[in-house]
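Just below is one structure, and these are the notes that go with it.
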Amino acid sequence: MAVVLAGLLVTGLLPVELVRVSSVSMAPTLHAGDRVLLVHDTGGLRRGDLVALSDPDGSGLLVKRVLALGGDRFAIEDGVVVVNGAAVVEPYADQSRIDGVYAGPLPVPRGSVYVLGDNRGESVDSLTFGPAPEDSVVGRVTFRLWPSPGRL
609 MAVVLAGLLV
619 TGLLPVELVR
629 VSSVSMAPTL
639 HAGDRVLLVH
649 DTGGLRRGDL
659 VALSDPDGSG
669 LLVKRVLALG
679 GDRFAIEDGV
689 VVVNGAAVVE
699 PYADQSRIDG
709 VYAGPLPVPR
719 GSVYVLGDNR
729 GESVDSLTFG
739 PAPEDSVVGR
749 VTFRLWPSPG
759 RL
C-alpha cells in the first residue's frame, strides 16, 4: 500500500505534494531542508496561511506567509506589519531583525496576495517583487513531515 501511495504522490495524481524547503526565509517556522506537505487547494486564502507559489523569476517554488489579500491596504511601519490600518501580531517573526523597516501603505490589487517570509531579513518576497497574482499560488503548506512532524 505504501508503494502505491508513494507512486501516486510522485506522479502528481494526488492533490498533495512533498516539497523541500530550500531557504532560511521562513525561519523559525521552517528551516532549509525541512520537508512539508503542500495541498493543492488555493480556494479561500486567508491572512496567515503558509503557501507555496511560483517564483516570479521562474526558478521554482517559494514558501511564504500570506499577510494581505486583494483589496487590503498593506504597510510596514518600523518593522510592524499593518493591514487595513491595524497592526498584525506576528509571534513567528523576529521583531528585532525588522526594526526600522518601512513600506507602503499600498493597495493590494484584487486577485493578488502580499506574501512575506517569516525571516524578513533573509527573504525574497513581496517586498522585492510586489503583490503576487493569486494564480501563482500552487497550494497551502499545512504540515511539516521532516525532521519534526507537525501541523503548521
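Going by this note's numbering, the sequence shown opens with residue 609, and the numbers climb by one from there.
We put the CB at the ideal spot given by N, CA and C, even for glycine.
If you're wondering where the values come from, they're calculated on a predicted model, not measured in any experiment.
Where do the N-terminal and C-terminal ends of the beta strand (DSSP E) with residue i fall, by residue?
i, result
"S633", "Looking at the DSSP string, S633 is not in any beta strand (DSSP E), and its letter there is neither H nor E."
"R643", "R643 to V647"
"R628", "V624 to R628"
Since residue i sits in a beta bridge, which residues does DSSP pair it with?
i, result
"A660", "V671 and G747"
"G758", "R752"
"A640", "A640 pairs with nothing; no bridge assigned."
"L653", "According to DSSP, which records beta bridges pairwise, L653 is partnered with nothing at all."
Using C-beta distances below 6 angstroms, list every residue in its chain close to residue i, excluding the 5 sequence neighbours before and after it, in chain order.
i, result
"V745", "T650, V659 and L661"
"V612", "Residue confidence is low: V612 scores 43 on pLDDT, short of 50, so the model does not pin down where it sits. Its coordinate-derived value is still stated next. If we look at V612 and ignore the five residues flanking it on each side, it has no Cβ neighbours."
"R748", "V647, D657 and V659"
"D733", "K672, V723, L724 and G725"
"D663", "L670"
"Y700", "T637 and D726"
"E625", "L646"
When we look at the beta-carbon of residue i and count the other beta-carbons within 10 Å, is it buried (16 or more) or exposed?
i, result
"F737", "exposed"
"L638", "buried"
"Y722", "buried"
"A695", "exposed"
"A640", "exposed"
"S731", "buried"
"V761", "Given that the chain is displayed from residue 609 to residue 760, the structure contains no residue 761 and the question cannot be resolved."
"R628", "exposed"
"P739", "buried"
Report all residues from its chain with a CB closer than 7 angstroms to the CB of residue i; omit the five preceding and five following residues, and keep chain order.
i, result
"L677", "L653, R655, V716 and V721"
"M761", "Only positions 609 to 760 of the chain appear in the structure, and residue 761 is not among them; the question remains open."
4-residue-minimum alpha helix (DSSP H) runs that sit fully inside the segment 680 to 744, ordered along the chain: 734 to 737, all fully within the segment 680 to 744.
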